[in-house]
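Undergrad: Below is one structure. I have some questions about it.
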Amino acid sequence: MAVEDRVIIAGAGPVGLVAAMRLADRGIPVLVMEANPDLAIDLRASTHHPPTLDILDEYGITQQMIADGLIAPTWQFRNRETGERAEFDLGLIKDETAHPYRVQCEQHKLTRLIHQKIKDWDNVEVWFNTRVEDIGQDADSAWAVVDRGGEKLTVRGRYLIGADGASSAVRIKLGIGFEGVTYPEWFVQGTTSFEFRDYMPNLSLINYVSDSDEWFVLLRVIGKWRALFPSREGESQEDAISDASLQKRLNGIHAKAEPYDLMHKTIYRIHQRVATTYNMGRIFLAGDAAHLNNPLGGMGMNGGIHDAVNLTDKLTAVWRGEGDAGLFDRYTRQRQPIAVENVQAQAERNRKLLNERDPKVRLANFRDTQKTASDPKKARDFLLRSSMIEGLRRAETIA
Ligand SMILES: Cc1cc2nc3c(=O)[nH]c(=O)nc-3n(C[C@H](O)[C@H](O)[C@H](O)COP(=O)(O)OP(=O)(O)OC[C@H]3O[C@@H](n4cnc5c(N)ncnc54)[C@H](O)[C@@H]3O)c2cc1C
């Protein structure tokens, strides 16, 4: 077998690693190239939706995440001033998924579980310290020009997947547009071991809390709460991420005499963007390289994993001679509209609900959400949408 008889993947994030695991499991050799010396430890995704859990269960990963994470059978919108809740019970979709709950488990645990699983397979290689700098293709192969620990190499494969995140070199080198918006506000995140449940009754493990002054999201992972806030108009990045600002924001959730123990803090620029195509010849984009959305709803990584599943099914069919390269256009046709019309639309709707400052409109919105949550038919439809099951099913109907 020629050395280039493989799929090469830029990026060992959750999307690149899921793609690698699925291809290698089907007997297709894979090389993953990761710019960093190790897998990232970033506090980004924590929510895994039911269909993603169904997908990862085929590889035994879901049970490992449950062992190293938390099952969230419900999640809620909450009105901070009144303490009222609109709680969604994922048990309502138990006939649609083997996992009628979200699992709260950090994405750096997921990438480590996958890497641990595949690292000794004889048809997978993961190269760290390997930055993709340029790419190219001809009729039979695709290649990446990489810097591997200071040495320049050209690495070839039959196909190349760009799973290299938001600033994707693969996307940029292909000249593919990345259309959309960058939000004016930043999202600031503080992590604390303080147990809010002792003071805020009936919290779920995932809570979107609206407020006339400042909304926040409270997410539980093992041993800590992550609190997410928007920056204020005119507030500088430095001010928003300062200890003083985070202490003030956390005290806005629950005022206490002692300072909060701030275990971690971070600030993110938020975009809603989508690549103008996800495929060009033998080269593909998946995950954040292809689309970005705001994190309200926890859908970016989940959607990227769904891309990886769709794309690797098509790559497998073409590799085995069971389909032709026209399938790759179908990958874009199926996944790109879901990123815009399902994921970005829902994430933006969540942001609008939380950002609403007019007390009357906010209350009316909240009552609507409560009505949806308390009507089993409406709640079920809403959960099929927010759990990303509807988007996956819709993609399958696109020829
Ligand atoms: C605050 C926050 C909370 C979030 N919460 C959730 C959530 O709960 N649920 C959810 O689904 N999503 C969530 N997301 C989104 C999620 O984090 C991303 O969608 C996800 O990380 C995308 O995975 P990826 O593999 O496509 O890209 P990344 O995770 O960015 O991985 C890309 C990898 O490629 C590597 N790389 C980059 N450039 C190169 C190069 N040139 N050569 C080689 N390697 C390269 C990087 O080092 C990295 O390891 C959240 C995001 C934020 C900001």
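Heads up: the sequence shown is residues 5 to 403, going by this note's numbering. All C-beta atoms in this analysis are idealised placements derived from N, C-alpha and C, irrespective of residue type, glycine included.
(1) Hey, how far is the Cα of K260 from the Cα of N211?
(2) Quick check: the segment 37 to 56 against the segment 322 to 339, are at least 3 beta-carbon pairs closer than 8 Å?
(3) Given the structure, does Y272 come close to ligand 1, in the sense that its CB is under 7 Å from one of the ligand's heavy atoms?
(4) Which residues mark the beginning and the end of the beta strand (DSSP E) in which M37 is found?
(5) Tell me, please, which residues DSSP counts as bridged to I165.
(6) Taking DSSP as the reference, what is the three-state secondary structure of L40?
(7) Taking Cβ to Cβ, would you say T66 is nearer than 8 Å to H103?
(8) Leaving out the 5 sequence neighbours to the left and right, which residues in its chain are closer than 6 Å to W131 when beta-carbon positions are compared?
(9) Going by the CB atoms, is the gap between F81 and A482 shorter than 8 Å?
(10) Given a threshold of 16 other Cβ atoms within 10 Å of its Cβ, counted over all protein chains shown, does K382 qualify as buried or as exposed?
(11) Would you say the segment 223 to 237 touches the segment 181 to 196, given that touching needs at least three Cβ pairs under 8 Å?
(12) Who are the Cβ neighbours of I180 in its own chain at under 8 Å, not counting the five residues just before and after it?
(13) Should I298 be labelled buried (16 or more other beta-carbon atoms within 10 Å of its own) or exposed?
(14) Under the three-state reduction of DSSP, which class applies to E183: helix, strand or coil?
(15) Take Y163 as the anchor and find which of D247, V11, R389 has the nearest alpha-carbon.
(16) What do you get for Y264, buried or exposed, if any count of 16 or more other CB atoms within 10 angstroms of its CB means buried?
(17) Do the segment 298 to 316 and the segment 347 to 358 make contact, defined as three or more Cβ pairs closer than 8 Å?
(18) Take the Cβ of P205 as the centre, count every other Cβ of all protein chains shown within 10 Å, and call the residue buried at 16 or more, exposed below.
(19) Let me check one thing: in DSSP terms, what residues is V221 bridge-paired to?
(20) DSSP state of D448, grouped into three classes?
(21) Using 8 Å as the threshold, is the C-beta distance between H295 and A368 below it?
(22) Put L300 into one of helix, strand or coil per three-state DSSP.
(23) Under the assumption that P54 contacts S391 (Cβ atoms under 8 Å), give the Cβ distance between them as a whole number of angstroms.
(24) Would you list the one or two residues that DSSP bridges to I402?
(25) Provide the residue span of the beta strand (DSSP E) that contains Y272, from first to last.
(26) By a C-beta neighbour count over all protein chains shown, 10 Å radius and 16 as the cutoff for buried, is Q120 buried or exposed?
(27) What residue range is occupied by the uninterrupted alpha helix (DSSP H) comprising T101?
(28) N314: which of G291, R389, I176 sits nearest, CA to CA?
(29) What would DSSP say about E110, mapped onto helix, strand or coil?
(30) Check whether the Cβ atoms of T51 and R106 lie closer than 8 Å to each other.
TA: Looking at the coordinates:
(1) So the two alpha carbons sit approximately 21 Å from each other.
(2) no
(3) yes
(4) 34 to 37
(5) Beta-bridge pairing links I165 to I13, F288.
(6) Per the sequence shown, the amino acid found at residue 40 is Asn instead of Leu. The answer is coil: DSSP assigns N40 none of H, G, I, E or B.
(7) yes
(8) M37
(9) Past the boundaries of the shown model lies residue 482; the chain is included only from 5 to 403, so the question cannot be answered.
(10) Exposed: under 16 other Cβ atoms inside 10 Å.
(11) yes
(12) Spatial neighbours of I180 in its own chain (CB-CB distance under 8 Å, excluding positions within 5 residues in sequence) are listed in chain order as A279, T280, T281, M284, L289.
(13) In the sequence under discussion, the amino acid at residue 298 is Asn, which differs from the Ile named in the question. With 16 or more Cβ atoms within 10 Å of its Cβ, N298 is classed as buried.
(14) Strand, per DSSP.
(15) V11
(16) Label assigned to Y264: buried.
(17) Verdict: yes, contact present.
(18) exposed
(19) Y212, L232
(20) This structure leaves residue 448 out entirely; the chain is present only between 5 and 403.
(21) no
(22) coil
(23) 5 Å
(24) Beta-bridge pairing links I402 to no other residue.
(25) Per DSSP, Y272 belongs to the beta strand (DSSP E) from 266 to 279.
(26) exposed
(27) T101 -> no alpha helix (DSSP H), and no H or E assigned at all.
(28) Nearest Cα to N314 within the set G291, R389, I176: G291.
(29) It is coil, neither helix nor strand.
(30) yes
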